[in-house]
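What follows is one structure encoded as structure tokens, with my remarks underneath.
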């Protein structure tokens, strides 16, 4: 089972450049999430989606946009990259948002903005 | 300030030792989850605790949810190098949406 697949795994951007991170899941999960992980700060939620065609802001949404055109895909966009966006980005999915259902994470995208 | 505070942040021990890591909050959580993350990979769910006072065991790992549902602990008996990783607790924030919030993590290194 593929689970959650993220592409690319690594990327270096120059300040001001744009890019899209791709996330695909094959578990028919309704909910999908984008997190960023920085040292000592755990995982912080950027945006999430509760179903195809829906998106919502998380804890740290500024500088990012998302789209969920298909149930299995969740895209994270950076329109004008900044050094503060250097981080490891994780996509996750789940059947339900809270309660006892755990998240399935991808293996991450390490982004460096110079 | 994070809603879930984990301690210690770093822990380096020898193989065979026991250890406990903690996850604390001033808020009540309906449930808490523990994840382990290995270098270069995403977090993987270990366990979910939902009842105050609940204890769950997963081989050498013992998870406990506090009676007041404000804290949780993870105890590892006879740690092995394969236990090395980042341990994260997470839970749904009370009265603040439905998404999981994560603690800052405890980075564990078990030396052979």
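Protein chains in written order, with the working numbering: chain A, 1 to 114; chain V, 115 to 226. Ideal Cβ positions, reconstructed from N, Cα and C, are used throughout, including at glycine. None of these values were measured; they are calculated from a predicted model.
- Whole-angstrom distance between residue 144(V) and residue 59(A), CA atom to CA atom: Distance between the alpha carbons of residue 59(A) and residue 144(V) is about 20 Å.
- With a 10 Å radius around its C-beta and 16 neighbouring C-beta atoms as the bar for buried, classify residue 172(V) as buried or exposed. It counts as exposed.
- Query: Are the CB atoms of residue 115(A) and residue 67(A) nearer to each other than 8 Å?
  - Reply: For chain A, the structure presents residues 1 to 114; residue 115(A) sits outside this window and is missing.
- Rounded to a whole number of angstroms, what is the C-alpha to C-alpha distance between residue 114(A) and residue 177(V)? Going by the C-alpha atoms only, they are around 42 Å apart.
- Task: Assign residue 197(V) to one of three DSSP states: helix, strand, or coil.
- Result: Looking at residue 197(V) - three-state DSSP - the assignment turns out to be helix.
- Query: Tell me which same chain residues have a C-beta within less than 8 Å of the C-beta of residue 13(A), skipping the five on either side of it?
  - Reply: Scanning its chain for C-beta atoms nearer than 8 Å, with the 5 sequence neighbours on each side dropped, one finds around residue 13(A) the residues 19, 78, 81, 111, 112, 113, 114, in chain order.
- Task: Classify residue 157(V) as buried or exposed, calling it buried when 16 or more other Cβ atoms lie within 10 Å of its own Cβ.
- Result: Around the C-beta of residue 157(V), 16 or more other C-beta atoms lie within 10 Å, and the residue is accordingly described as buried.
- Message: Please identify the residue among 11(A), 16(A), 38(A), 28(A) whose C-alpha is closest to the C-alpha of residue 2(A).
- Response: The candidate whose alpha carbon is nearest that of residue 2(A) is 28(A).
- Does the beta carbon of residue 220(V) come closer than 8 Å to any beta carbon on chain A? No, because no Cβ of chain A sits closer than 8 Å to the Cβ of residue 220(V).
- Task: Locate the beta strand (DSSP E) running through residue 47(A), then write down its first and last residues.
- Result: Start and end: 43 to 49.
- Residues, ordered as in the chain, of the stretch 175 to 207 of chain V that lie near chain C by beta-carbon distance below 7 Å: Absent here is chain C; the protein component of the structure consists of chains A and V.
- In angstroms, rounded to a whole number, what distance separates the CA positions of residue 75(A) and residue 22(A)? So the alpha carbons of these two residues sit roughly 5 Å apart.
- Query: What is the rounded straight-line gap between the Cα of residue 222(V) and the Cα of residue 52(A)?
  - Reply: One alpha carbon belongs to residue 222(V), the other to residue 52(A), and they sit about 38 Å apart.
- Message: Just checking: is the beta-carbon of residue 93(A) within a distance shorter than 8 Å of some beta-carbon in chain V?
- Response: No, residue 93(A) lies away from the interface with chain V (no Cβ there is under 8 Å from its Cβ).
- What do you get for residue 84(A), buried or exposed, if any count of 16 or more other CB atoms within 10 angstroms of its CB means buried? Exposed is the call here.
- Query: Is the CB-CB distance between residue 220(V) and residue 118(V) below 8 Å?
  - Reply: Cβ atoms of residue 220(V) and residue 118(V): not closer than 8 Å.
- Message: Considering just the uninterrupted stretch of the beta strand (DSSP E) at residue 189(V), what are its terminal residues?
- Response: Looking at the DSSP string, the run of the beta strand (DSSP E) that includes residue 189(V) is 185 to 190.
- For residue 157(V), decide whether its Cβ has a neighbour in chain A, counting only Cβ atoms nearer than 8 Å. Taking Cβ atoms only, chain A reaches closer than 8 Å to residue 157(V), which makes this a yes.
- Please say whether residue 42(A) and residue 146(V) have beta carbons closer to each other than 8 Å? For the pair residue 146(V) and residue 42(A), the CB atoms are not nearer than the 8 Å cut-off.
- Message: Tell me the residue span of the beta strand (DSSP E) that contains residue 17(A).
- Response: No beta strand (DSSP E) contains residue 17(A), which DSSP labels as neither H nor E.
- Task: Taking only the alpha-carbon atoms, compute the straight-line gap between residue 208(V) and residue 70(A) and give it to the nearest angstrom.
- Result: Cα to Cα, residue 208(V) sits roughly 30 Å from residue 70(A).
- State the CB to CB distance for the pair residue 116(V) and residue 218(V), rounded to an integer number of angstroms; the pair is presumed to be in contact (CB under 8 Å). Yes, they are in contact, since the Cβ atoms of residue 116(V) and residue 218(V) sit about 6 Å apart, within 8 Å.
- Message: What does the alpha-carbon distance come out to for the pair residue 168(V) and residue 161(V)?
- Response: Take the alpha-carbon of residue 168(V) and the one of residue 161(V): they are about 12 Å apart.
- Query: Between residue 159(V) and residue 33(A), is the Cβ-Cβ spacing less than 8 Å?
  - Reply: One thing to note: residue 159(V) has its Cβ no nearer than 8 Å to the Cβ of residue 33(A).
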